[in-house]
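Report on the structure given below.
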């Protein structure tokens, strides 16, 4: 981004902030002159003003009411009406909350970060119990979610009526979060007694894919027997076809042999001596253009049954939620291959540098003309299936006016499958005259491929006996299952009119299971007699729409035709066809060591209890409320993985157990009417990464160029932290808020994968099963890596928020309003920079954006509802350490800053019928991912893709 554009964005933030303060002062003056502007304070501080508004204003007001009546720091988003959430995507809605940013895949919100802490540190509950949903993504967007994060794109937003983000801890809320607890709530019949119904339909258009896609939602609810019985059913269905195009490099790598960093050692160029200090010169590893076609079908439904027999003291609630997300993705790449491979694969040591230019400021080889380059064309096809099922049953009973009981049991199950993942790669070897040039555009290089890439006769399939690199047919499948089973019970006793005591117990079991199958080798057979390249390929056309490609860039190229190759090779048979390179069996634990690391079963059993005191009183006439309590929890872990012992999958089981005592305090005072000051302090914990727990071991081959060994670590301690929050909230007018919140988290334990040189004899002493005596020379040195607990560091920041309807302005202007927030976060985590982890570099936490802001301007007069929103997220690290570093440097992979603009409008034709239009990503913001070195100047483009603008038109009818 240019300095001019950066200045413009900073100026926009500053202008918005000044404008917010000015409007707040104007509103305060207006409120002071109008006695009705602010309703009198109620005796109960939890009571809020009752103002009748509808639509988006009603959603904002309800969210303010939730925030105001809580003792802790809470933000919320509410549905505008039944089955009518403010955004089409849950993550897109949540990002409007201060401190929340999102990650996208294929242009759609997938996961969230809260106050700089990623989804791995954030718990999500649905209807009161913890849940996890998993789906797949492109490799650069994280691939399959095998961790603890929650994928929000599994669900249709129409199924929910409220999202609450709890940023401070309390004893009654289960442990497991360093960032926040996100509560998703579906609709229930007793929310609005009587008959209720709504149906909506939308048609969406994407200007890049030029495809139309439908959305549909419906809800019906009723109560009977004087509101003693109720039932609610809702359903949502949508399709989405989109296109993603751009450039990627699959990271950048050192140009030289780089002998001190063996994981990046590809041998260097054939004439590497022409480069000055080649080990610190970086080039794109696989410069490529990509066109990715996404197709998605999502179905969701809820069923809620409630009963209050005799309208008495007992309430029964059963909630069921179902969601199914089926997707396909076709990825097409035209790519230069040699720069990422060693001599054994015909790679970089065979490439001649003819001409080059190095940026002296960054050491990037921004231009190169090369001979003997291998060019490849790839088509990959994935089938992705996610099914989520949840059922909860709750009982609430009032024994008396002062004593009550609540109990909840439930099970949430998420099953993800990637049953088909197949890639075909064809080749053109030893091309002269290939060049790439970033000098005019660091994101979209001018590429001369050296031959006519649109001519099938120029391509070949190199069979199993040909020269390297040989053509490939990759095929695999993988699966992920996550199950939460929860039971909890609590008692509440109102000691008097200001003090309430609470106590409860809980039991939760989490199961995470992964499986993987793949071919034993990726080599492709030769084409049989009668087949030629024209018959097994097709032409990709029209690449680069709205991408501003450099002049002369190719927009068409030959790609493998997977359907045609299936007819020629029968690669879908899951069998050995008997021809060379034709073993297409997908094998897992029964003999494919490359899959063993993706077979795991992790079970966690958490047993907890808490006591808590809530109060709501006055001290010297000042409203004072809050809660104090302590939660005690015991975690039992069993992790099963499979290690490769002589080619055989050997099960390895590890167990661990740890306990945590987690006190918490939330205070809220109202020193002046409508001014609330909050303070919170707590000890919190978040359990370690699931993928790090199985005690799986790996050992390099006896004749490997580099001795390496690794071991999982079931004995990892959780992430632990002490947190402190201070906030000031001023509700200076109806539907209005001006607030400031400061937060500090002292993270005491962190998890990193560290590496150090260790003698094989010491490895044997550490784990004689993993590293048996005599398997390797006792005096040989191995680079041993394992996940370890390392010191954490502080995380601190602040949030500023302003929200108001401009009712103090005259005429039509009184129907305008705004919602603004800004978040700043800092963190200090020490990352290892040497194999022995004796030297560190201090940098931001992974997934932490130092700055983020959201701005919404809306108009709502009861008939016309229109708004425009902007969301900004600063750049951040995705992986530390990243891949492909040079000696003495610690690489990272990250994402550049983004600003996304959305807009929507609806009009009520009658009291029951409305029409709407909605536009998403109106500026077609690019997804730019970068690759560099912590503390260094390099900012190399890793991914630069765009997905186009999405527009929906629709109608809604309310019964």
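Residue numbers (our numbering): 104 to 1062. We put the CB at the ideal spot given by N, CA and C, even for glycine. A quick note: this is a predicted structure, and the numbers were derived from the prediction, not measured.
Exercise. Residues in its own chain within less than 6 Å of residue 797 by CB, not counting five upstream and five downstream?
Worked result: 703, 742, 744 and 815
Problem set entry | Nearest to residue 271 (by Cα), restricted to the options 781, 384 and 400 | 781
Exercise. Can the beta-carbon of residue 391 be found less than 8 Å from the beta-carbon of residue 437?
Worked result: Here residue 391 is near residue 437, since their CB atoms are less than 8 Å apart.
Exercise. DSSP three-state call for residue 494: helix, strand or coil?
Worked result: strand
Exercise. Nearest chain C C-beta to residue 951 closer than 8 Å, yes or no?
Worked result: Of the protein chains in the structure, only one exists, and it is not chain C.
Exercise. Any contact of the region 460-474 with the region 680-688, i.e. 3+ C-beta pairs under 8 Å?
Worked result: no
For this session: Please report how far the alpha carbon of residue 792 lies from the alpha carbon of residue 593, in whole angstroms.
Result: 30 Å
Exercise. Are the Cβ atoms of residue 426 and residue 491 separated by less than 8 Å?
Worked result: yes
Problem set entry | Continuous beta strand (DSSP E) assignments of at least 3 residues falling wholly in the region 712-772 | 725-748
Problem set entry | Proximity winner among 332, 236 and 643, relative to residue 415 (alpha-carbon distances) | Residue 415 has its Cα closest to that of 332, out of 332, 236 and 643.
Problem set entry | Check whether residue 1019 and residue 1006 have beta carbons under 8 Å apart | no
Exercise. Near residue 524, what residues of its chain come up, given a Cβ to Cβ distance below 6 Å and the 5 sequence neighbours on each side ignored?
Worked result: 485 and 579
Exercise. Among 278, 175, 1041 and 932, which residue has its Cα nearest to the Cα of residue 787?
Worked result: 278
Problem set entry | Buried versus exposed, by CB contacts within 10 Å (16 or more), residue 828 | buried
For this session: Compare the beta carbon distance of residue 236 and residue 196 with 8 Å and say whether it is the shorter of the two.
Result: no
Exercise. Leaving out five residues before and five after residue 1071 in sequence, what residues of the same chain have Cβ atoms less than 8 Å from its Cβ?
Worked result: With the chain covering 104 to 1062 only, the question about residue 1071 has no answer from this structure.
Problem set entry | For residue 176, the three-state DSSP class (helix, strand or coil) | coil
For this session: Go ahead and pull the three-state DSSP assignment for residue 133.
Result: Note on residue 133: pLDDT 41, under 50, position unreliable in the model; the coordinate value appears next. Residue 133: helix per DSSP, three-state reduction.
Exercise. Whose CA, out of 849, 945 and 514, lies closest to the CA of residue 611?
Worked result: 514
Problem set entry | Inter-residue Cα distance where the pair is residue 243 and residue 495 | 36 Å
Exercise. Quick one, are the C-beta atoms of residue 521 and residue 701 less than 8 Å apart?
Worked result: no
Exercise. DSSP state of residue 794, grouped into three classes?
Worked result: Looking at residue 794 - three-state DSSP - the assignment turns out to be helix.
Exercise. With DSSP run on the structure shown, which of helix, strand or coil describes residue 294?
Worked result: helix
Problem set entry | Contact set for residue 505: own chain, Cβ-Cβ below 7 Å, skip 5 residues either direction | Taken in chain order, the residues that qualify are 596 and 597.
Exercise. Where does residue 326 land, buried or exposed, given buried means 16+ other C-beta within 10 angstroms?
Worked result: buried
Exercise. Excluding the five sequence neighbours on either side, which residues of its own chain have a C-beta within less than 6 Å of the C-beta of residue 541, listed in chain order?
Worked result: 469 and 548
For this session: Give me whichever residues DSSP pairs with residue 305 in a beta bridge.
Result: 318 and 1057
Exercise. How is residue 160 classed by DSSP in three states: helix, strand or coil?
Worked result: helix
Problem set entry | For residue 714 and residue 867, the rounded distance between their alpha carbons | 47 Å
For this session: Give the range of the alpha helix (DSSP H) segment to which residue 670 is assigned.
Result: 665-672
Exercise. What first and last residue would you give for the alpha helix (DSSP H) that runs through residue 869?
Worked result: Residue 869 -> alpha helix (DSSP H) spans 863-869.
Exercise. What first and last residue would you give for the beta strand (DSSP E) that runs through residue 550?
Worked result: Taken as a continuous stretch (DSSP letters only), the beta strand (DSSP E) holding residue 550 covers 549-551.
For this session: Would you mind giving the Cβ-Cβ distance between residue 746 and residue 755, rounded to the nearest angstrom? I have them listed as a contact below 8 Å.
Result: 5 Å
Exercise. CB residue 479 to CB residue 447, shorter than 8 Å?
Worked result: no
For this session: Pick out whichever of 1049, 1043, 409 and 961 has its Cα sitting closest to the Cα of residue 161.
Result: When the alpha-carbon of residue 161 is set against those of 1049, 1043, 409 and 961, the nearest one is in 961.
Exercise. Of all the options 591, 874, 343 and 1034, which has the alpha carbon lying nearest to the alpha carbon of residue 313?
Worked result: The shortest C-alpha separation from residue 313 is found at 343.
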